[in-house]
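In the working numbering, the protein residues as written are 324 to 658.
Here is the structure we will look at, set down as structure tokens.
Below is the structure:
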């Protein structure tokens, strides 16, 4: 009898000791994937958060493009998805099929930059029509030289660089310029990794390419920014924090997002991370050279997360030219 009591006490002590052991960082992992455009913001937040938690929580951030990220997210493989465009109807359907509810959180504003090589001395600005002439599907194998875009430009090969087909940047650019998402010529150098595009344009005098403004800011000594003519005003506009925020850089300005799995938020570390993201977004967004939302917008977004408001403020369709004030109105209605 005494032996049984001793063994019982030992068993209780073992259970208590195991329960008291700290949860290892590898057991508390936050999995994030998606947009290469949103990546620098989320990576900056992840680094600061992990420092604050002294390594007790690990955050992994991947870059598979907005579309690639949603594929993983809607299958329940990730907790959070970075997105440089709102979720689309087909992605919403996949999430529904797998029982994934999501909280849509705008985190910043971004402008898509159109760039050429610094040695390009002929392009002073471009119109949306000229960009469409270059990038529409009918241009493949046809518009191959600069002088086919404007006769006064040189008889030189036109080398194109752009975001890959799984990128939200590709979706947004084609929607804004060609008029339909993913409608593009295919004979260009494509990559979900914006650093590959930077190197391509920087090394080719005849290059033209596009990607997020923040990556241009990080590499401005290697690239030359092209002003775009605003279709409504006829004025040449460079993408800057001011022109993106005030809506004059059109149609290549857009909100960017994170999508959080409602089920994942049941884990304390996910809630802690998203709260930290929202509280520090404005500072870190600016630090990595993106355009922060107004303080009022972040407050509304925080309320949306606090209430676990699921779904999208967009209709599952690609949208172009959504200004910050439009986003604010939607947040106020949807909170």
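Ideal Cβ positions, reconstructed from N, Cα and C, are used throughout, including at glycine.
Does residue 573 pass the burial test, meaning 16 or more other C-beta atoms within 10 Å, or should it be called exposed? buried
Assuming residue 653 contacts residue 428 (C-beta within less than 8 Å), just tell me the rounded distance between them. That belief does not hold up - the Cβ atoms of residue 653 and residue 428 are roughly 13 Å apart, past 8 Å.
So, helix, strand or coil for residue 641, using DSSP? If DSSP states are grouped into helix, strand and coil, residue 641 belongs with coil.
Throw me the rounded Cβ distance for the residue 351 and residue 377 pair, which I believe falls under 8 Å. Contact doesn't hold; Cβ gap of about 12 Å is too wide.
With 16 other Cβ atoms within 10 Å as the buried cut-off, status of residue 498: buried
Whole-angstrom distance between residue 446 and residue 395, CA atom to CA atom: 40 Å
Is any non-hydrogen atom of the ligand FMN found closer than 6 Å to the C-beta of residue 531, if you look at the structure I gave you? Within the structure as shown, the ligand FMN is missing, as the structure has no ligands at all.
Backbone secondary structure at residue 365 - three-state DSSP: Note: residue 365 maps to helix in three-state DSSP.
Can you list, in chain order, the residues of its chain whose CB lies under 7 Å from that of residue 500, leaving out five sequence neighbours each side? 451, 454, 455, 458
Determine, using beta-carbon pairs with one atom in the segment 402-409 and one in the segment 511-526, whether at least three such pairs fall under 8 Å. With the cut-off at 8 Å, the segment 402-409 and the segment 511-526 do not touch.
What did DSSP end up calling residue 429 once you bin it into helix, strand or coil? Three-state DSSP puts residue 429 in a strand.
Hey, out of 360, 361, 364, 369, whose CA is closest to residue 354's CA? 369
So within the segment 509-545, which uninterrupted alpha helix (DSSP H) runs reach at least 4 residues, ignoring any that extend past its ends? 517-525, 536-541
Determine the extent of the beta strand (DSSP E) in which residue 621 is found, giving its start and end residues. Where residue 621 is concerned, there is no enclosing beta strand (DSSP E), although the alpha helix (DSSP H) it sits in stretches over 618-629.
If contact is defined by three or more beta carbon pairs under 8 Å, each pair taking one atom from either stretch, is the segment 466-482 in contact with the segment 527-542? yes
Sequence-distant residues of its chain with Cβ nearer than 8 Å to residue 410 (five each side left out): Answer for residue 410: 393, 418, 425, 427, 582, 635, 637, 639, listed in chain order.
By Cβ distance below 7 Å, which residues in the same chain neighbour residue 359 in space, the five residues on each side in sequence not counted? Within the same chain, residue 359 has close Cβ partners 386, 388, 490, 515, 516, 517.
In three-state terms, what does DSSP make of residue 578? strand
For the segment 589-597 against the segment 610-619, do three or more pairs of beta-carbon atoms, one drawn from each stretch, fall closer than 8 Å, so that the two count as touching? In short, these stretches do not touch, since the Cβ pair count stays below three.
Straight-line Cα distance separating residue 543 from residue 436: Computed Cα separation, rounded: 11 Å.
Segment limits, beta strand (DSSP E) that includes residue 401: Counting along the chain, residue 401 falls outside any beta strand (DSSP E), and DSSP gives it neither H nor E.
Beta-bridge partners of residue 480, as assigned by DSSP: The partner list for residue 480 (beta bridge, DSSP) reads 468.
Does the separation of the CB atoms of residue 561 and residue 548 fall below 7 Å? yes
Beta strand (DSSP E) containing residue 352: first to last residue? 352-357
Can you grab the Cα-Cα spacing for the pair residue 605 / residue 399, in whole Å? Residue 605 and residue 399 have their C-alpha atoms roughly 29 Å apart.
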